[in-house]
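A.B. asks: Questions regarding the structure given below will be posed in turn.
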Amino acid sequence: MKKVLEGSHAVSEAVRLARVQVISAYPITPQTHIVEAISEYCANGTLNARFLCVESEHSAMAAVIGAASSGVRVFTATSSHGLAYMHELLHWTSGARLPIVMADVNRALGPGWNIWLDQTDSLSQRDTGWIQLYCEDGQEVLDTTLQAFRLAESVNLPVMVVLDAFFLSHTYEPVEVPDQEQVDQFLPPLSPRIQLDTANPFAIYQMVAPSAYMEMRYNIQVAMEQVTSRFSEIEDEFEAIFGRKHGPLEAVQCEDAEIILATAGTTASTCRHVIADLRDKGEKVGLLKLKMFRPYPTDQIRRHLGHAQKVAVIDRNFSFGASGIFAQEIKSALCNTDVRPAVFGYVAGLGGRDVTPQTLEEIYRQTKTSKIPKDESVWIELNQELVESWSN
Amino acid sequence: MKKKQTSKDQLPLFIPRSNTSTQINKTGSWRYFRPLYEEKTAPCSAACPAGEDIPRIEMLVSQGLFKKAWETILDENPLPSICGRVCFHPCEKACNRGELDEPIAIHSLERFIGESAISSSKSADLKKLPNNGKKAAIAGAGPAGLATAYFLSRLGYQCDVFEAQSEPGGILRWGIPAYRLPEDTLKKEIKRIEDLGVHIHCETPVTEALLQKINQKYNALFIGCGYGRPIKLRIPGEESAHDGLRFLHQIRTGGKVALQGTAAVVGGGNTAVDVARTLKRLGVKPIIVYRRRRQDMPAFEPEIERARKEGIELMELLTPIRIEEDPGSTSKSDSSFKMTLQKMKVSTKEIRGRARVIPYGEKTKTLQVQHIFIAIGAEAEVLWHLPSAKNNNQLTLSHSTIIEQEIPVVFGGDLTNETKRVTDAIASGKQAAIALDVYFKKGWDSIEESLVNCRVGGGPALSMAAYLNEERNNRKPHIVSFDEINSDYFQSAPRVISPTLSPDQSVRSFSEIEATLSKRAATQEAERCFNCGICNSCDYCRIFCPDVAVMVEEAERYINLDYCKGCGICVTECPRNAMALEEEKK
C-alpha cells in the first residue's frame, strides 16, 4: 500500500515489518523520528518487541549487543554525535559477528553545533567492520532496511543504513509499504548462529592470543568479501517479490559518458535531473550513484568508471588534511588499473547547505574545462566574504 | 579459485567461544574482605517506645502481606489500630526518608494495618507460651495495664485486670475525644486482649482490702492506675471552674451537655486542647489561656495546629489569679465570670529546656466568659504514690519501677513514665511483663541484664520478639543513618496524605477527622520505605556480584565463598545497609 511517509518513518515501517524483537535507543537530539515511531509501535502493541530506553548511544549499542547475543533480531538508530559515541562498540559488534541493523541519519558533527546533513559521521566509521548502505529516497530506505536484516543475518556482520538528515529523514514522499505477509516471505525469523543459552552455558568473546587473533580478523574479511554477491542475490529475491531493485551502485548513462558525476544520498537525485538537462544539450555526462560503501565494490567501480575521461566526485563530507572521502575511495579503487580517468574531488553542501542543480552544473563546467585536477579537493561555493573576513 | 557461495550457505564463523567452565578458578582465594548479611536497627524502631519492627512491617505492607504486617506489630504492641491514631509517632521524626524528601507516614500505615485486620476479622498467629501456673493481678485497664496483661498472657501467665470504671480503656476510653479515637475501634482492640484469656473486672477499684487479697492469691501485681486526680490552680473562685479531664469523661460517657457562650480553657497540654476542641463541637467559643507561649505548650504540635485551624483562640503569657462571678448575670443559665489574668513575661532562664515565665510586674487583664475549664495537669492518687525510700528491693527502670515485696509489684504507665504517651504506657507494660518473667525464671539479679539483651538499637525500647529469642534477636543494635543508605536507589516521591475532614466540617460533629488509607495508597506509601537495615530481597547484591557468588536458596541469600573475591560491590550496592564487610582472618 502506498503511504506518504517521512524518510525516518520509512525506516520505522521496515523495522515493524521485520518483526524486530529488541530495539534500544537514546531518545534525545541528535536522535530522529525513527525510534519515536518504533517506541509507539512497541507501546501500542503493533510491534511485539522490547523497547529499551537507555541513557546514551554507547549503552544503546551495548544493549542491542546483549540482546543479539541471546539470538534475537535487534535494531537501533542514531546520528552524528550519537554515532561517534558508539564508536567503540561498533568495532565490538563486527568482532562479535552480531547481525545488528542500525539506521544512521547523516548529521553534522559539532562544534559549531549543527544537526543538518553532513556525511562525515558515518564515513568516519569506515573501519569499524560495518556494512554501509547510503540511500537516496524513502522507498530505498524502506527496502534497504528490510534487505539489511537479510544481509546481516546471512554474513553475521552488522549493517548501517544511512540516510541524509532533513533532505531525506524529514521529507515526506509516497512510499510503497509492503504487506506483512510478503515481508515474512522475504525475511523469515532469525535463525541465530550465536545464541547464549542458560541451559547450555558457554562463554563468548573472551581473550584471544596473538596466535589466533589475526585469523579471526581474516575471518571477518572473508565474510566481507561475500557481501557484494550475497547482497545481489538478496536484491534478486526482493525484486521477485516486490518488483524493485536498487543495486549496490547505480550507473546512469555511464556507458558512453566522458565525464561521470559520482555521489551518494539525495544529491544523486538532483544529479539525475542535471545530467538529463546536460544530455539534452549534447553533453556526454553520466551519474554513478554510490550506495554500498563497505565493503567497497571496487570491481564495479572500475567497470563503471574505467572508460571515462574524467570523474567528478561530490563529497558532502571531508577528511581534514586530505580530501573528500568518496573521492579518496574512488582514486584508491582506480589506481591499480591501466586505463583510468582523472578524478576531480569537490566538497559541497556541508552542514546542510543546499547542493542545487546550479552547484552541480558548476562542478560539471569546472571538470570539463580543467585538463587535470589542480587540487585534491575544490571547495564549491564558499562564501568569499566570510573567508576574507577572517583573513583580514 | 574461491568456491562460489549462495546466501543460503553458512559462512565460516570464527569467534572466541569456550565451553570450559570457569568454576575451576576459585577466585575466593583472592579475598581480603568478606561480605556478610547483617541486619541492623532502623532509626524508627529505636525511636518507637514499643520498639516495633517498622522496616519489616512496611516491607510486608509493600508486598501486600497485611496480616503478617499486623502480626509483626502485635509482637510488640497490642493496639495497632489505636496507636496508628493517637500515637504522636516519634518514629516519623527519626525516619531516614525525611532526609531525602518526607518521612514515611508510619502512623497512617499502622492504622491501615490495624483496621484491615479488624475489618477482615482476622485472628493473629502469635507466639504464646503455655500456661506456667502463675497468676498476675493488674490494677487499671488503661493502656499500661492492658499491655501488661497482654504481654504476661503471652508469656504464659493468667491475668486479672481490676478497673474502677464501668468500662476498660482508661485514658483511651475517657480522656481522648471520639474525633481522634472512635469507641468501636477501642472495643475491638480490647476484645482481642480478652480473647487471649485476660479477665477484666470493671467497677472493681483496687482498694487496700483488695490489695491484701491480691498479695495472697496472686504471684505478681502491676499498678498502672494513671494520673486520675486533677491538679488545682489554688486561686480564689476556683470552685466555679470545671475540671477538664472530668468534662471529657462526661462527654465520652454520653452525657448531654448544653453549653453556650465563651469558655476559657486554662492549660497548654493535650487535655486543654482536647477540651477546647470538644467545646467547639458543642457550639461554645473556646479560648485557651496559657501561661507560657505557644512554642512552650506540652500539647502535641499537630493537635495545636489543628485547633488553630478549627478557629480556637489562644491567649499566651497569661495566668489566672482570681475568678469572680459577674454580678450582672441574672440566672444560672446565663451566668458569667470575670477572670483576672496576670500577664507573664519570658525570663532569660530556662527550666528543662522550656522558657521560664515570670509575672510581668503588676500588669493584669480581665476576661469575661461563661465557662471556665481547668486542664493544667493531673497527678496520681495518694494510694499509688511510689514508695520514696530507695533500697535494694527496688529497681527503677526506664518505663517502670519494680519492688520486691511479698509478691513482686511493678509500678508503671503514667505513674513512672517521664513522657506520658499511650505508646510509652505500652512500653511500660512490656517492660513490666519481661521484668516479672525474668524475675520468676532467673531471679531478681538477672532482671537488668536480661532487659539489656532485648533492647532495640541499644535504647530504652524493648522487643518482645527479641526476648522470645525470635529472628529479631540477631539484629545489630547499630542504628542505620541516612548516610548509610544508598540513596541512588530511591527517587523522590511525595508522602501519602490521609483523607481528612476540613476544619469547617470537623467542628460540626465528633466524627473522626482522619480516614484510614486505602489499600493502594498504603501499599504505595510502604514502597517509599527504605527498609533501613533489613533485607527485603531486592536482590541488588546478587545482580551486581561480578562473580555470581551471591546464591539464593529457598529465598535465603548466602555468599559462595569459593568465588567471592571480597570486592564489596554487594555491600556498597545494598540500598539499605543490610550487609557488612569484614576483614578476612587468614
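Chains as they are written, first to last, in the numbering used here: chain G, 781 to 1172; chain A, 799 to 1384. Glycine residues also receive a C-beta, built at the ideal position from the N, C-alpha and C atoms.
Grouping DSSP H, G and I as helix and E and B as strand, with all else coil, what is E981 (chain A)?
C.D. replies: Helix, per DSSP.
A.B. asks: So N886 (chain G) is in the alpha helix (DSSP H); what residue range does that whole segment cover?
C.D. replies: Taken as a continuous stretch (DSSP letters only), N886 (chain G) belongs to no alpha helix (DSSP H), being part of the beta strand (DSSP E) at V881 to N886.
A.B. asks: Would you please verify whether the beta carbon of F947 (chain G) is less than 9 Å from any beta carbon of chain A?
C.D. replies: False, the Cβ-Cβ gap to chain A never drops below 9 Å.
A.B. asks: Using 10 angstroms around the beta-carbon of G931 (chain A), count the other beta-carbons present and answer buried if the total reaches 16, otherwise exposed.
C.D. replies: By the neighbour-count rule (16 or more Cβ atoms within 10 Å), G931 (chain A) is not buried but exposed.
A.B. asks: Anyone know if the C-beta pair for V1065 (chain G) and R1052 (chain G) falls short of 9 Å?
C.D. replies: Contact flag unset, no.
A.B. asks: Give the residues from the stretch 843 to 874 of chain G that approach chain A closer than 9 Å (Cβ to any Cβ), ordered along the chain.
C.D. replies: Correct list: empty, as no residue qualifies.
A.B. asks: With 8 Å as the C-beta to C-beta threshold (strictly closer), list the residues of the stretch 808 to 827 of chain A near chain G in chain order.
C.D. replies: Those would be Q808, L809, P810, L811, F812, I813, P814, R815, S816, N817, T818, S819 and T820, in chain order.
A.B. asks: Under three-state DSSP, which class holds K800 (chain A)?
C.D. replies: At K800 (chain A), the pLDDT of 46 sits below 50, so the modelled position is not reliable; the number obtained from the coordinates is stated separately. In the structure shown, K800 (chain A) sits in coil (DSSP, three-state: anything other than H, G, I, E or B).
A.B. asks: Enumerated in chain order, which unbroken segments of the alpha helix (DSSP H) with a length of 4 residues or greater are wholly contained in the stretch 1033 to 1079 of chain A?
C.D. replies: Runs of the alpha helix (DSSP H) inside the stretch 1033 to 1079 of chain A: 1042 to 1050 and 1068 to 1079.
A.B. asks: Once the 5 residues before and after E856 (chain A) are set aside, which same chain residues still bring their CB inside 7 Å of it?
C.D. replies: Only I902, L907, A1324, C1327 and N1329 meet the Cβ criterion.
A.B. asks: Mark Y1361 (chain A) as exposed unless 16 or more other C-beta atoms lie within 10 angstroms of its C-beta, in which case mark it buried.
C.D. replies: That one is buried.
A.B. asks: Starting from I855 (chain A), trace the alpha helix (DSSP H) both ways and give me its first and last residue.
C.D. replies: I852 to S860 is the span of the alpha helix (DSSP H), which, as asked, contains I855 (chain A).
A.B. asks: Interface residues of chain A around M996 (chain G) at Cβ under 9 Å?
C.D. replies: Under the 9 Å cutoff, chain A gives F812, I813 and P814.
A.B. asks: Please list, in chain order, all residues of the same chain as V1348 (chain A) whose beta carbon is under 7 Å from its beta carbon, the five residues on each side excluded.
C.D. replies: Contacts found: C1339, R1340, R1355, I1357 and C1368.
A.B. asks: K800 (chain A): buried (16+ other C-beta within 10 angstroms of its C-beta) or exposed?
C.D. replies: Unreliable placement is indicated for K800 (chain A), whose pLDDT of 46 sits below 50; the coordinate value is still reported in the next sentence. With fewer than 16 other Cβ atoms within 10 Å, it is exposed.
A.B. asks: Does the stretch 1239 to 1252 of chain A touch the stretch 1277 to 1294 of chain A, meaning 3 or more C-beta pairs lie closer than 8 Å?
C.D. replies: With a cut-off of 8 Å, the stretch 1239 to 1252 of chain A and the stretch 1277 to 1294 of chain A do not count as touching, because too few Cβ pairs lie within range.
A.B. asks: In whole angstroms, what is the alpha-carbon distance linking A922 (chain A) and E869 (chain A)?
C.D. replies: Cα to Cα, the separation comes out at about 6 Å.
A.B. asks: Please list, in chain order, the chain A residues whose beta carbon lies closer than 9 Å to that of Q986 (chain G).
C.D. replies: Near Q986 (chain G) (Cβ distances below 9 Å), the residues of chain A are P814, R815 and S816.
A.B. asks: Counting only the same chain and skipping the five closest in sequence on each side, list residues whose C-beta sits under 7 Å from that of F886 (chain A).
C.D. replies: Answer for F886 (chain A): F1098 and R1219, listed in chain order.
A.B. asks: Could you tell me the alpha carbon to alpha carbon distance between K926 (chain A) and G968 (chain A), rounded to whole angstroms?
C.D. replies: Cα to Cα, K926 (chain A) sits roughly 26 Å from G968 (chain A).
A.B. asks: Under a CB-based cut-off of 9 Å, is Q1175 (chain G) close to chain A?
C.D. replies: Because chain G is modelled from 781 through 1172, residue 1175 (chain G) falls outside the range shown and cannot be assessed.
A.B. asks: Under 7 Å between beta-carbons, which chain A residues line up against F982 (chain G)? List them in chain order, please.
C.D. replies: The answer, in chain order, is R815, S816 and N817.
A.B. asks: Check for me: the alpha helix (DSSP H) holding E1179 (chain A) runs from which residue to which?
C.D. replies: Counting along the chain, E1179 (chain A) falls outside any alpha helix (DSSP H), and DSSP gives it neither H nor E.
A.B. asks: Using a Cβ-Cβ cutoff of less than 8 Å, which residues in the same chain neighbour I1152 (chain G) once the five nearest sequence positions on both sides are dropped?
C.D. replies: So the list reads A1122, once near-sequence residues are dropped.
A.B. asks: Looking at C-alpha atoms only, which residue of A:N1068, A:K891 and A:R815 is the closest neighbour of A845 (chain A)?
C.D. replies: Nearest C-alpha to A845 (chain A): A:K891.
A.B. asks: Could you tell me which of G:I818, G:V800 and G:L797 sits nearest to P788 (chain G), measuring between CA atoms?
C.D. replies: Checking the displayed sequence, the identity of residue 788 (chain G) turns out to be Ser instead of Pro. That would be G:I818, whose Cα lies nearest to the Cα of S788 (chain G).
A.B. asks: With distance defined between alpha-carbon atoms, name the residue in G:G1045, G:G851, G:T809 and G:T826 nearest to Q919 (chain G).
C.D. replies: When each option's Cα is compared against that of Q919 (chain G), the closest is G:G1045.
A.B. asks: Below 8 Å on C-beta distance, what does V1002 (chain G) contact in chain A?
C.D. replies: Near V1002 (chain G) (Cβ distances below 8 Å), the residues of chain A are L809 and P810.
A.B. asks: Could you tell me whether any Cβ in chain B is nearer than 9 Å to the Cβ of R877 (chain G)?
C.D. replies: This model lacks chain B altogether; the protein chains it does include are G and A.
A.B. asks: For L897 (chain G), which beta-bridge partners are listed by DSSP?
C.D. replies: G:R887, per the DSSP bridge assignment.
A.B. asks: Please list the partners that R1074 (chain G) has in chain A, where partner means a Cβ-to-Cβ separation under 8 Å.
C.D. replies: Those do not exist, as R1074 (chain G) stays about 17 Å from chain A at its closest Cβ, beyond 8 Å.
A.B. asks: Should M882 (chain G) be labelled buried (16 or more other beta-carbon atoms within 10 Å of its own) or exposed?
C.D. replies: With 16 or more Cβ atoms within 10 Å of its Cβ, M882 (chain G) is classed as buried.
A.B. asks: At a CB-CB cut-off below 7 Å, which residues of chain A make contact with V1065 (chain G)?
C.D. replies: Within 7 Å Cβ-Cβ: nothing; V1065 (chain G) doesn't reach chain A, min ~36 Å.
A.B. asks: Restricting to Cα atoms, I'd like to know which of A:E836, A:N1017 and A:R1374 is closest to K1239 (chain A).
C.D. replies: Measuring from the Cα of K1239 (chain A), the nearest candidate turns out to be A:N1017.
A.B. asks: Once DSSP output is grouped into helix, strand and coil, what is the label at E1161 (chain G)?
C.D. replies: Here E1161 (chain G) sits in coil by DSSP.
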